[in-house]
Structures are given as structure tokens and as C-alpha cells.
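As you go down the protein sequences, you meet chains Y and E in turn.
Following this note's numbering, the numbering of the first sequence begins with -8 at its first residue and continues without gaps.
Following this note's numbering, the numbering of the second sequence begins with 14 at its first residue and continues without gaps.
Cβ atoms here follow ideal geometry from the backbone N, Cα and C, with glycine treated the same way.
Keep in mind that this is a model prediction, so the values were computed, not measured.
The structure appears right after this line, and notes come after that.
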Amino acid sequence: MSSAGDDLTGLSNELADSYDELTGVVEDDSFQSITEEFDAEWSVRRMVLTMVPLLAGLSVLQMASGTVLETFEDTLLENPSLLILVPVQIGTAGNLASIMCSRLSTQLHLGTFELSVTNPAVRANSLAVFALAGTVFSIVGVAAWAIGTVFGGTLALLDVFTISMISGMLLAALVVILSLVSVSGSYRLGFNPDDTTIPIVTNLCDILGVLILFAVVVVVV
Amino acid sequence: MYGQDSAKDVYRDALPVILISLVAGLFAGTILGSETMRNGIESVPGLLLLLPAFLATRGGVYGSLGARLSSGLHQGIIEPNFELDERLSNAVLASFINGMSVSVFIAVLTFGLLVAFGQTGSLVQLVGIMVIAGFLSAVLMLSVLVSVIMVGYRRGLDPDNIIGPVVTTLGDVFGVLFLLVGVYIMGLVL
């Protein structure tokens, strides 16, 4: 009994020492350094120096779609319906991509994602993206035609609707493929897909959205 | 269970956000397709060239500010009130600097590309338009975003869920609108 009691006393002394050590450390050094870390993280200099090069790089990439718009300037000015399609196309592509990527990343973390056509997560999300694109781009086709006509455009409803639907569905296919590839690719390369896929895929889809739109315009108009 | 969501569930969950951004996109498109804006595009060489980069910047600058403030609130290092906390004012100031410097960068880049393509353009005009549009977007986006996040947080909404739609909607609509304002003001000045 007594030996057990000694052991317990010893243990409690040991615990007290460790406790002092821990609290001492926390009060002295590491808490300080954690606070400093936070403050450095929130310094204007750090925030500007990390973000500006990234944003500048993205702007350079976005010039690809800008160049396409500039090339089609005459067509766009003649047909306001097509000009109306531009921001919708850019916005919807990015949104669909960010929904698909964040859902697939979550599935990956939960262990229910697998890069295969029979995977239920892959099937459900891909199907949903196509259904969402179908809904959005049929509304957009009619709305862009109506507003464009008010602004003096001459394109027929069927033309605007066809352009919107074909480019929209191609875009959906692109979103699905890019999301699947980037989520499984970034996992294989050892990156957390939450951090990497959304900025990459949304920006790519923004840019490719404009390219697809005008590839379809060239064929239809 | 999350893993068993059917395509129908995903569709139902995502539709509201997608429809909001659709309405915003149509608004932005309507401003872009208007007579005034088309005249602007015709008279300012390079305006279409900078448009996608300018719109994407809004998402990058203010989306990341939103995400940062939201993490700060969750970690408890930012208080959900409007008092001038150093971290909050730093984040707002940094976003302002980011937005303005990238806007000027885009103007210079656009001018460079115009020259490279052998077209004519005015550097002063492009920089002027981007400074005006960048400044007006910064003022609007910063005040609305900070207010919505703070008020939303106090009412129990997770800021992570509000930022996306707020930034996309406001960024698209007001980005194009302020671009038009910039074109108009520079037209008066030059």
C-alpha cells in the first residue's frame, strides 16, 4: 500500500512539475511567438506582398480571354445579346466549378471519392452540374436574346438560345473533367484539394468559358 | 449521410446560389450591352481586353478578404463589431492596396498588349479608368463586405457561406457599372 502511495505522490509531483513547465513555457515564449505569428500574418506588408504577385499573375492569364473579346469586338458591338452572355458565362463557369470542387474535396476527405465512372459521388455531382448548367443556360439564352433585342440586336432567338445552350453544356463538361482531374491529381501529388483546386479550376473555367463561347459563336453566327 | 447525396440533392442545394449569380450576371451583361457602354467600348481601345482581368480581380481581392475575416472571427481574434481593431483595419487597408495596385497593373498590361498588337491606345485613359473603377469598387466592396460579415456573424450566420454569393453578385454588377463610370469621367477629363 505504502509503495503505491509513494508512487502516486511521485507521480503527482511529476505532474505538477510538467504543469509548471508547460504554463511557464506558454506564458514566456511560445504564447508570445504565437501572438507574433498572428500579428505577422495580419500585417499589411505580408498581406500585400503575398496577394499582389498572385493577382498580377492571374491578370496576365485573364488577358487570354480579354484578347478573345477584343478580337470579336465588332461582332459583340453589333450583337448586344452576345455581350450580355459574357459575364454570365464567366460567372456561372466559376460557380459550377467551385461547387463541384469543394464537394468532391469533401468526399475525398470522407473517403467516398474515387476516380471512376461508377463512383456514386462522381455520378451524382457530375449529373447535378449538367442539370444546373441546363437550367441556367436555357434561362440565359432567352433572357440575353430579350435584353439584346431591346438594345437593338438582330440575332434570332434560336441563334442566341443555341449559342447559350451549346457553349453552356460544353462548359459543364469542362467543369466536370477539370474538377475530377484536379481533385484526384492534387490528392496524388500530396496537396489538400481544398486549397489548390478552387482557385485553379475556377480561373481556368473563367478563361476557357470565354474561349468556348466564341468558338461556338464562330460556328453558329 | 453526406456521401449518399443524390444528384437531385446536389441540384437543390446549389440552385439558389447559381440563380443569384445568374441574375447578377444578367445585370452586369445588361450594363455591358447598353448603348452607353457599347459607345464606351468603341471609343476606348483596350476596354474589352481588360474586362475579364478586372472582373476576376474583384473575386481575388475581396473573396480572400472575406475568407480572412471569416477565419479571424471563428478563431476569435477579430471581434464582430465595427471598432477600429488593428487586425481588421490592416486587412481592409491591405485589400484596398491590393485592389488599387492590381487595377493599375491591369491598365499598364492592357496598354502594353495594345502596343504589342500594333494598335493605338492611351495609357493615361486606361490608368484613369482603372483607378476610378478600382477605387469605387474598393469603397463599395469593403464597406458592404465588412458590414455583411459582421452583422451576419452576430446573427449566427457562418460568414464562410455568405462571402461567395456576396462577392460574386456585387463584384460583377458593380464592377461593370464602375467601369462605365470610369469611362464617363475620363471622357469628361480628357
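Counting only Cβ pairs nearer than 9 Å, list the residues of chain Y close to residue i.
| i | result |
| --- | --- |
| residue 96 of chain E | The premise fails here: residue 96 of chain E is roughly 16 Å from chain Y at the closest Cβ pair, so nothing lies under 9 Å. |
| residue 92 of chain E | None at all; the shortest Cβ gap to chain Y is about 14 Å. |
| residue 74 of chain E | 42 and 46 |
| residue 51 of chain E | 67, 68, 71, 74 and 142 |
Using the beta-carbon of each residue, which ones in chain Y are nearer than 7 Å to residue i?
| i | result |
| --- | --- |
| residue 77 of chain E | 42 |
| residue 38 of chain E | 78, 79, 82 and 83 |
| residue 185 of chain E | 78 and 82 |
| residue 133 of chain E | Those within 7 Å of residue 133 of chain E in chain Y number zero; the least Cβ separation is about 13 Å. |
| residue 47 of chain E | 142 |
Tell me where the alpha helix (DSSP H) around residue i begins and ends.
| i | result |
| --- | --- |
| residue 127 of chain E | 99 to 129 |
| residue 88 of chain E | 60 to 88 |
| residue 167 of chain E | 136 to 167 |
| residue 79 of chain Y | 71 to 101 |
| residue 56 of chain Y | 35 to 62 |
| residue 196 of chain E | 172 to 202 |
| residue 56 of chain E | 48 to 56 |
Please go through the same chain and pick out, in chain order, the residues whose beta-carbon is closer than 7 Å to the beta-carbon of residue i, but skip the five residues on each side of it.
| i | result |
| --- | --- |
| residue 84 of chain Y | 162, 166, 196, 197 and 200 |
| residue 75 of chain E | 108, 154, 158, 180 and 184 |
| residue 17 of chain Y | Because residue 17 of chain Y carries a pLDDT of 48, less than 50, the predicted location of this residue cannot be relied on, and the following value inherits that uncertainty. Nothing meets the Cβ criterion. |
| residue 210 of chain Y | none |
| residue 75 of chain Y | 135, 138 and 139 |
| residue 192 of chain Y | 88, 92, 169, 170 and 173 |
| residue 99 of chain Y | 174, 178 and 184 |
| residue -6 of chain Y | Residue placement at residue -6 of chain Y is poorly supported in this model, since its pLDDT is 46, which falls under 50; the coordinates still yield a value, given next. Closer than 7 Å at Cβ, skipping near neighbours: no residue. |
| residue 19 of chain Y | Confidence is the limiting factor: at residue 19 of chain Y the pLDDT is only 48, short of 50, which leaves the residue's position unreliable, though a coordinate-based value still follows. Nothing listed; no residue qualifies. |
| residue 54 of chain E | 60 and 61 |
| residue 194 of chain Y | 49 and 52 |
Quick one: residues in its chain with C-beta nearer than 6 Å to the C-beta of residue i, no 5 flanking neighbours on either side, listed in chain order?
| i | result |
| --- | --- |
| residue 63 of chain E | 119 and 123 |
| residue 186 of chain Y | none |
| residue 164 of chain E | none |
| residue 94 of chain Y | 116 |
| residue 191 of chain E | 146, 149 and 150 |
| residue 105 of chain E | 155 |
| residue 127 of chain Y | 83 |
| residue 146 of chain Y | 70 and 72 |
| residue 173 of chain E | 83 |
| residue 112 of chain Y | 98, 103 and 104 |
Using a C-beta to C-beta distance shorter than 8 Å, which residues of chain Y count as neighbours of residue i?
| i | result |
| --- | --- |
| residue 119 of chain E | 50 |
| residue 174 of chain E | Within 8 Å Cβ-Cβ: nothing; residue 174 of chain E doesn't reach chain Y, min ~11 Å. |
| residue 162 of chain E | Residues of chain Y passing the Cβ test: none, with the nearest at roughly 16 Å. |
| residue 42 of chain E | 74, 75, 76, 77, 78, 79, 135 and 138 |
| residue 189 of chain E | 78 |
Under 8 Å Cβ-Cβ, which residues of chain E neighbour residue i?
| i | result |
| --- | --- |
| residue 115 of chain Y | 18, 19, 20, 22 and 23 |
| residue 146 of chain Y | Going along chain E, no residue has its Cβ under 8 Å from residue 146 of chain Y, so there is no contact; the nearest lies around 12 Å. |
| residue 157 of chain Y | Near residue 157 of chain Y there are no residues of chain E at all, since even the closest Cβ is about 18 Å away, more than 8 Å. |
Tell me which residues share the same chain as residue i and place their Cβ nearer than 8 Å to its Cβ, disregarding the 5 neighbours each side in the sequence.
| i | result |
| --- | --- |
| residue 126 of chain E | 59 and 62 |
| residue 133 of chain E | 58 and 127 |
| residue 34 of chain Y | none |
| residue 187 of chain E | 149, 150, 153 and 154 |
| residue 137 of chain E | 203 |
| residue 161 of chain E | 175 and 179 |
Can you pull the chain E residues whose beta carbon is under 7 Å from the beta carbon of residue i, in chain order?
| i | result |
| --- | --- |
| residue 129 of chain Y | Here the premise fails: no neighbours, minimum Cβ distance about 11 Å. |
| residue 107 of chain Y | What residue 107 of chain Y touches in chain E: nothing, since even the nearest Cβ is about 15 Å away. |
| residue 33 of chain Y | 100, 103 and 104 |
| residue 248 of chain Y | Not covered by the structure: residue 248 of chain Y. The range shown for chain Y is -8 to 212. |
| residue 57 of chain Y | 61, 62, 63, 64, 65 and 66 |
| residue 90 of chain Y | 27 |
| residue 208 of chain Y | Simply none; closest approach about 14 Å. |
Name the chain B residues that come within less than 9 Å of residue i, Cβ to Cβ?
| i | result |
| --- | --- |
| residue 179 of chain Y | Here chain B cannot be found, since the structure's protein chains are Y and E. |
Run down chain E in chain order and give the residues with a C-beta less than 9 Å from the C-beta of residue i.
| i | result |
| --- | --- |
| residue 197 of chain Y | 65, 68, 69 and 72 |
| residue 54 of chain Y | 62, 63, 65, 66, 119, 122, 123 and 126 |
Entirely within the segment 131 to 195 of chain Y and at least 4 residues each: give me those alpha helix (DSSP H) ranges in chain order.
Secondary structure within the segment 131 to 195 of chain Y: the alpha helix (DSSP H) runs of 4 or more consecutive residues, fully enclosed, are 148 to 179 (chain order).
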